[in-house]
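In order, the protein sequence lines correspond to chains A and B. Start counting the first sequence at 1; every next residue gets the next number (this note's numbering). Start counting the second sequence at 143; every next residue gets the next number (this note's numbering). C-beta: ideal position from N, C-alpha, C; glycine also. Here is the structure we will look at, set down as structure tokens.
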Amino acid sequence: MAFAMKFNMVDVIVSDSLENCYVNGKRVGFQFDIRLDYYRGQFLSVIEELEVTVNGEKIDTESIRFRLHDKEFGVCQLETCCNEFWRVTEPATIFVRKGGGLPEGEHDIELRLMFRSPYMAIGPNKYMPVDNCGTKKLRVKF
Amino acid sequence: MSNIKIACSLFSFGTPYIQGHMSLEDCIRKAAEIGCEGYEIVAAQMIASYPYVTDEVAGEFARYSDKYGIKPICYAANMDRGLLKGRDLTDDEMLSRAINDIKSAHRLGCGVMRQQYLIGPEAMVRLAPYAEEYGVRVGIEIHNPETPTSPKIMEYREAFDKCGSQYLGFITDFGCFSTKPNKPYWDRALANGAQPEMLDMLAQMRYDEVPQEEATERLLKAGANSAVLGAVASSYGFVQFRREADLEGLKSIIPQNFEFHAKCHYVSEDLEEASIPYDEVLSTIVDSNFDGYVVVEYEDEGGYDSVEMTRRCVAMIKKILNNK
Chain A
1 MAFAMKFNMV DVIVSDSLEN CYVNGKRVGF QFDIRLDYYR GQFLSVIEEL
51 EVTVNGEKID TESIRFRLHD KEFGVCQLET CCNEFWRVTE PATIFVRKGG
101 GLPEGEHDIE LRLMFRSPYM AIGPNKYMPV DNCGTKKLRV KF
Chain B
143 MSNIKIACSL FSFGTPYIQG HMSLEDCIRK AAEIGCEGYE IVAAQMIASY
193 PYVTDEVAGE FARYSDKYGI KPICYAANMD RGLLKGRDLT DDEMLSRAIN
243 DIKSAHRLGC GVMRQQYLIG PEAMVRLAPY AEEYGVRVGI EIHNPETPTS
293 PKIMEYREAF DKCGSQYLGF ITDFGCFSTK PNKPYWDRAL ANGAQPEMLD
343 MLAQMRYDEV PQEEATERLL KAGANSAVLG AVASSYGFVQ FRREADLEGL
393 KSIIPQNFEF HAKCHYVSED LEEASIPYDE VLSTIVDSNF DGYVVVEYED
443 EGGYDSVEMT RRCVAMIKKI LNNK
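See the structure below:
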């Protein structure tokens, strides 16, 4: 794999943040919080890849929603979010649509999030890739 | 005669800030406590309403500054030329962002703004009337591997000379004057199993200005492992070092230099920076007509205590200046 910077300043997946979500009394999915693992905040348009795997099962992209500042975006919308700034100290929330949510207990949450550092040019229209991936075992709250 | 004042970049406390061990107020208080007259803000790191400065945020900075007897002196902007997928921002778009940054700097009371070189000389010249209107001097950061006389920087120098505005200039980072391998990078290579004799060989080739490709080839032939090769990339990149600091280059940039970044990666207990010859660099500045801030910027590559490293760097600079 090509070189990517990795900061390891914070845990990407926020502890104690996994919870099931309900709509009209039904469990429709779950959510957890994530952090930017970098020294400064970024506009969401620099996100190049966003994938979620739960207990080894990859979630399809359409079922992933990215929430920040009381707004919600589908993964395909992120690349045009060039005015939405994700602060370096501010968690964002990943919502995953999954009927029934997650059963009681611990779950392996895996996030693949790659972004380009938009001021570190490494060629014409090429920027330093940053690895903002993380994994964590979290107990789900109901 | 020079008039050197000491500040620090709040970026120096970035790690504890991001990890939640220090608040914005803590960072400003610490900067004052360790003996700084002013502080620099990396906007995309610590401004809650970035990329704008709201009244609330401006009020917060002003309140803490008054409380601790310190002032904001520089707004460090980023130039996110790669903001959009698939194409670089145009000059017009970069200019628009920079105009906004000038307004933010002004709103916070910063007289200097750090700009990054992805915005070209032409767009910088177009920025001059705005810089003048708001009274914010905009300096292109000269950061290792660039130097005050490298070709990319010379393009700006020529454009600024031609433009003639006193509001366009530079912020030179002392990292440009490194004369020894960077300690945290070297330590990391050793921790990853780099052969010490191979690192010595690499340092020697760097001093002899052996091109990177040839250096890599020679090291491979000598049996260097991947940890050594990792150190090659940094030694020829952001933490380059040379046999001698380019003090002539430093002298030549001073008339256009608004502030300095006093870079440190590691300052020992007896106040020596591991790779930058502070004594020589500061002597050169003392002997010039420079009037402005030397801004300490601790770059956390080695996982040292951020506050302690920043404190030592401030103390080191004061000690050197007091002995002049």
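Reference residue i, options the options, closest by Cα
i: Ser307 (chain B); options: B:Pro293, B:Gly277 and B:Asn334; result: B:Gly277
i: Tyr206 (chain B); options: B:Leu463, B:Tyr327 and B:Glu175; result: B:Glu175
i: Tyr192 (chain B); options: A:Arg116, A:Phe115, A:Val52 and A:Gln42; result: A:Gln42
i: Ser394 (chain B); options: B:Thr291, B:Ala270 and B:Ile244; result: B:Thr291
i: Gln31 (chain A); options: A:Gly101, A:Asp70 and A:Leu50; result: A:Gly101
i: Arg279 (chain B); options: B:Ala240, B:Lys304 and B:Phe316; result: B:Ala240
i: Arg249 (chain B); options: B:Gln257, B:Thr196 and B:Ser165; result: B:Thr196
i: Ser165 (chain B); options: B:Gly177, B:Cys178 and B:Ile189; result: B:Ile189
i: Val144 (chain A); options: A:Gly99, A:Glu79 and A:Lys58; result: Because chain A spans 1 through 142 in this model, residue 144 (chain A) falls outside it and cannot be assessed.
i: Ala180 (chain A); options: A:Lys71, A:Val23, A:Phe7 and A:Thr80; result: No answer is possible for residue 180 (chain A): it lies beyond the span of chain A, which begins at 1 and ends at 142.
i: Asp33 (chain A); options: A:Glu51, A:Val23, A:Val12 and A:Leu50; result: A:Val12
Strand pairing of residue i, partner residues [DSSP]
i: His407 (chain B); result: His407 (chain B) pairs with nothing; no bridge assigned.
i: Met5 (chain A); result: A:Val130
i: Trp86 (chain A); result: A:Gln42
i: Glu401 (chain B); result: B:Ile313 and B:Tyr435
i: Asn20 (chain A); result: A:Phe30
i: Gln257 (chain B); result: B:Ile282
i: Glu467 (chain B); result: Residue 467 (chain B) falls outside the range modelled here, since chain B spans only 143 to 466, and no answer is possible.
i: Thr80 (chain A); result: Answer is none; Thr80 (chain A) lacks a bridge partner.
Cβ-Cβ separation, residue j to residue i (assumed contact under 8 Å), whole Å
i: Ser154 (chain B); j: Val436 (chain B); result: Rounded, the Cβ-Cβ distance is 13 Å, inconsistent with contact.
i: Lys325 (chain B); j: Ala416 (chain B); result: 4 Å
i: Met340 (chain B); j: Ala366 (chain B); result: 4 Å
i: Phe316 (chain B); j: Ala404 (chain B); result: 5 Å
For residue j and residue i, the rounded distance between their alpha carbons
i: Asn132 (chain A); j: Arg112 (chain A); result: 7 Å
i: Phe151 (chain A); j: Ser425 (chain B); result: There is simply no residue 151 (chain A) to check, as chain A begins at 1 and stops at 142 in what is shown.
i: Ala149 (chain B); j: Ala375 (chain B); result: 31 Å
i: Asn242 (chain B); j: Thr61 (chain A); result: 35 Å
i: Asp234 (chain B); j: Ile261 (chain B); result: 10 Å
i: Gly86 (chain A); j: Val46 (chain A); result: First, the residue type needs correcting, since residue 86 (chain A) is Trp and not Gly in the sequence shown. Near 11 Å, if we compare the C-alpha coordinates of Val46 (chain A) and Trp86 (chain A).
i: Leu371 (chain B); j: Leu361 (chain B); result: 8 Å
i: Arg384 (chain B); j: Cys82 (chain A); result: 40 Å
i: Gly134 (chain A); j: Arg454 (chain B); result: 34 Å
i: Leu310 (chain B); j: Asp303 (chain B); result: 9 Å
i: Met1 (chain A); j: Glu355 (chain B); result: Residue placement at Met1 (chain A) cannot be trusted, given a pLDDT of 48 that sits under 50; what the coordinates show is reported in the next sentence. Each residue's alpha carbon lies about 21 Å from the other.
i: Val449 (chain B); j: Gly228 (chain B); result: 40 Å
i: Ser17 (chain A); j: Gly74 (chain A); result: 20 Å
i: Gly445 (chain B); j: Ala186 (chain B); result: 22 Å
i: Lys245 (chain B); j: Pro263 (chain B); result: 20 Å
Beta-carbon proximity check, residue i vs residue j, cutoff 8 Å
i: Asp37 (chain A); j: Val10 (chain A); result: yes
i: Glu106 (chain A); j: Leu68 (chain A); result: no
i: Gly156 (chain B); j: Tyr39 (chain A); result: yes
i: Phe432 (chain B); j: Ser144 (chain B); result: yes
i: Ile64 (chain A); j: Val96 (chain A); result: yes
i: Asn20 (chain A); j: Phe115 (chain A); result: no
i: Tyr217 (chain B); j: Arg171 (chain B); result: no
i: Arg268 (chain B); j: Ala219 (chain B); result: no
i: Asp388 (chain B); j: Thr289 (chain B); result: yes
i: Ile215 (chain B); j: Glu182 (chain B); result: yes
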